[in-house]
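For the record, the sequence lines run as chains A and B. Residue numbering for the first sequence is 281 to 376, as defined by the numbering used here. Residue numbering for the second sequence is 281 to 376, as defined by the numbering used here. Positions of the beta carbon are idealized from the N, C-alpha and C atoms, including for glycine. These numbers were taken from a predicted model, which means no experiment stands behind them. A short write-up of the structure that comes next.
2 protein chains.
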Amino acid sequence: MGFQDSFKALSDPTRREILTLLRAGPLAAGELLEHFSITGASLSHHLSILKHAGLIDDEKKGKYIFYTLNTTVLDDILRWMMSLKENHEGDSDHEK
Amino acid sequence: MGFQDSFKALSDPTRREILTLLRAGPLAAGELLEHFSITGASLSHHLSILKHAGLIDDEKKGKYIFYTLNTTVLDDILRWMMSLKENHEGDSDHEK
DNA sequence: TTATTATTTAGATATTTTTCTAAATGTCTA
DNA sequence: TAGACATTTAGAAAAATATCTAAATAATAA
């Protein structure tokens, strides 16, 4: 986990689409798979990257594994982006 | 330009550090270079990716090229992330 | 218990990305 | 104008990533 993992995870369009699909609620891997034209193995790989980044959680229910969005990490990223938008002129060590 | 380019641009730690450095104000490529242990050619490559993504602007001033942060694109990304954090239960086509 | 279904793991391949060195371009200064 | 400086472009090598097929694991259903 960590910032780097989060940003890397978000840099792939398939993974962002997975997150978007999970906005509506938990979905099993197979349900997610219907929305893409990749193999189950590839999807599984993407899911593991998202999980590693802390962006999703999984819960096994019998035969299925349900994935849910975890927005905790998003907050950190949001904070970082907001801080870029603020004025930091005084922070530099060499003013012109 | 586009979402994909923006996320890809943000997925590299060197490029994020560049953005952080530019928070304090415009810097020339050479000034940025002092903060990293990569060649000028590599930095130039990173700058071109950031520029392509719309995250920075450049302005030539004689011998130097000054880079500045452009936060317009960040707003789009922020909006996308915020939307993930909202509840979208009604959006799905198959409620359980 | 055997077959079937859902998902992951392993290993290979193709593509993309990062970085480098060397050379090109443009600007300033002596 | 000749040389030095700041930066980019071109092209190559190394590392990381996305995807696939085949096999493994685990749970349910027949």
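Rounded to the nearest angstrom, the gap between the Cα atoms of Asp371/B and Gly310/A is 19 Å. Under the Cβ criterion (8 Å, minimum of three pairs), the region 332-340 of chain A does not count as touching the region 325-340 of chain B.
When C-alpha distances from Ser328/B are compared across Phe346/B, His315/B, Lys341/B and Glu314/B, the shortest belongs to Phe346/B. Assignment of Leu307/B by DSSP, reduced to helix, strand and coil, places it in the strand class. Counting along the chain, the unbroken beta strand (DSSP E) around Ile336/A starts and ends at Ile336 to Lys341. Close to Ile318/B, with beta-carbon spacing below 9 Å, lies no residue of chain A; the smallest spacing is near 17 Å. One finds Arg303 and Ala304 in chain B with Cβ atoms closer than 9 Å to the Cβ of Asp371/A, taken in chain order. Taking a Cβ-Cβ cut-off of 8 Å, Phe346/B has no neighbours in chain A, whose nearest Cβ is about 11 Å from it. The DSSP-derived three-state label of Phe283/B is helix. By the C-beta density criterion, Lys341/B is exposed, having fewer than 16 other C-beta atoms within 10 angstroms.
Put simply, the CB of Ser291/A is near chain B, with a gap under 7 Å to one of its CB atoms.
In the three-state reduction of the DSSP assignment, Thr348/A falls in the strand class. The DSSP-derived three-state label of Glu369/A is helix.
In the DSSP assignment, His325/A falls within the unbroken alpha helix (DSSP H) covering Gly320 to His332. The region 349-365 of chain A makes contact with the region 346-364 of chain B, as at least three CB pairs between them are under 8 Å.
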